[in-house]
Amino acid sequence: MPAPLIGLTSYRHLNTYGLPLNSITEAYARAVTSAGAIPVMIPLGLAEETLDALLVRLDGILFTGGGDVHPERYGSQAHPLVDDVDVDRDRVEVHLLHRTLEQGLPFLGICRGLQVINVALGGTLFEDILDQRPNSLKHQYYPNWPRNYLAHSVQVKQNSQLWAMLGSSSVQVNSLHHQGIRDLAAPLQATAFAPDGVIEAFELVEHPFGMAVQWHPEWLQEHPSMQSIFRAFVQAADGKYSHRSF
606 MPAPLIGLTS YRHLNTYGLP LNSITEAYAR AVTSAGAIPV MIPLGLAEET
656 LDALLVRLDG ILFTGGGDVH PERYGSQAHP LVDDVDVDRD RVEVHLLHRT
706 LEQGLPFLGI CRGLQVINVA LGGTLFEDIL DQRPNSLKHQ YYPNWPRNYL
756 AHSVQVKQNS QLWAMLGSSS VQVNSLHHQG IRDLAAPLQA TAFAPDGVIE
806 AFELVEHPFG MAVQWHPEWL QEHPSMQSIF RAFVQAADGK YSHRSF
């Protein structure tokens, strides 16, 4: 049977000639491929009807990491530490998330992906954790540490999907973010926490497969527990593929 197709959201940047490019970090593609799926980059700048036409050909969506969600999306004001905002990326990913829910497609969010999913469903964010939550841990181990540096532990809620994947109620993770969840959207259930209480993962329980993590498991593929996140996601997408009519 052909492998399922996983859509990967992309980010926009300028090359050395000042031309806009859409890109994904190779680590996402490697992790998806190693788990048995075929990665498909979703460009920015597409109209909603084009995104819809693409989505019906996909078996799952990976909401990747990247820059900050625009504060206006969650009713907040501009903050001096908000960085690398792309309102078109916000538009594309919020639209994809709602269509993904309507169609019952499996989805996985990573770092920014966790944040934009929460915002799309009505949640809010800390624009900068250390500025707005001064007693918190340091969560931004970038760019001065390796991306696979294990920065802190997370406590995983027992009997959650994530707990079943990881096989443990405590795991060490990397940490490459300065924002985090302030108010969790009502449909979501928090399933992992940093030692300072910052939400590190959530699940959409009523969805066939819907979860997100704040860390970057794609950079931790030397750890079997992190591989298991992608395997479970691809397995869910494979089940969706088997019911496709084309």
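Using the numbering used here, you'd call the opening residue of the sequence shown number 606 and step up by one each time. Just so it is clear, CB atoms sit at the ideal spot from N, CA and C, and this is done for glycine as well.
**Report entry** According to DSSP, residues forming a beta bridge with TYR616
**Finding:** DSSP output for TYR616 lists SER628 as bridge partner(s).
Query raised in the report: Which value, in whole angstroms, describes the spacing of the CA atoms of ALA791 and TYR747?
Result: 31 angstroms
Query - Secondary structure of THR621, DSSP reduced to three states - result: coil
Query raised in the report: Rounded C-beta distance between LEU730 and ARG787? I'm assuming under 8 angstroms.
Result: With a Cβ gap of about 6 angstroms, LEU730 and ARG787 count as contacting.
Query raised in the report: For GLN737, does the three-state DSSP call read helix, strand or coil?
Result: helix
**Report entry** Pairwise C-alpha distance: VAL697 and SER850
**Finding:** Bear in mind that the predicted position of SER850 carries a pLDDT of just 45, short of 50, making it too unreliable to give a figure here.
Query - For HIS828, the three-state DSSP class (helix, strand or coil) - result: In the structure shown, HIS828 sits in coil (DSSP, three-state: anything other than H, G, I, E or B).
**Report entry** Three-state secondary structure assigned by DSSP to PHE814
**Finding:** coil
**Report entry** Per-residue DSSP class, three states only, for THR796
**Finding:** strand
Query raised in the report: Counting pairs of Cβ atoms below 8 angstroms between the region 653–660 and the region 834–845, do you hit three or more?
Result: no
Query raised in the report: By how many angstroms is the C-alpha of GLY785 removed from the C-alpha of ALA797?
Result: 13 angstroms
**Report entry** DSSP-derived helix/strand/coil call for HIS700
**Finding:** helix
Query raised in the report: Going by Cα to Cα distance, which pick from THR705, ALA634, TYR754, GLN745 is closest to GLY672?
Result: GLN745
**Report entry** Residue environment, GLN819, which counts as buried when at least 16 other CB atoms sit within 10 Å
**Finding:** buried
Query raised in the report: In terms of DSSP beta bridges, what is MET646 paired with?
Result: LEU613
**Report entry** Distance, ALA640 Cα to HIS848 Cα
**Finding:** Any reading at HIS848 needs caution, since the residue's pLDDT is 49, under 50, leaving its predicted position unreliable; the model's value is listed next. HIS848 and ALA640: Cα-Cα distance of roughly 20 angstroms.
Query raised in the report: With which residues is ALA806 paired in a DSSP beta bridge?
Result: ALA797, VAL818
Query raised in the report: Which stretch, first to last residue, makes up the beta strand (DSSP E) that contains VAL778?
Result: Segment 775–778, the beta strand (DSSP E) holding VAL778.
Query - Contact belief for LEU758 with ASP801 at Cβ below 8 angstroms, rounded distance in angstroms - result: Before going on, a small fix: residue 758 reads as Ser here, not Leu. About 11 angstroms separates the two Cβ atoms, so there is no contact after all.
Requested in this report: Determine which residues share a DSSP beta bridge with VAL759 and list them.
Outcome: VAL776
**Report entry** Distance between beta carbons of LEU686 and GLU732, contact taken as under 8 angstroms
**Finding:** 6 angstroms
**Report entry** Range of the contiguous alpha helix (DSSP H) that encloses ASP657
**Finding:** 653–660
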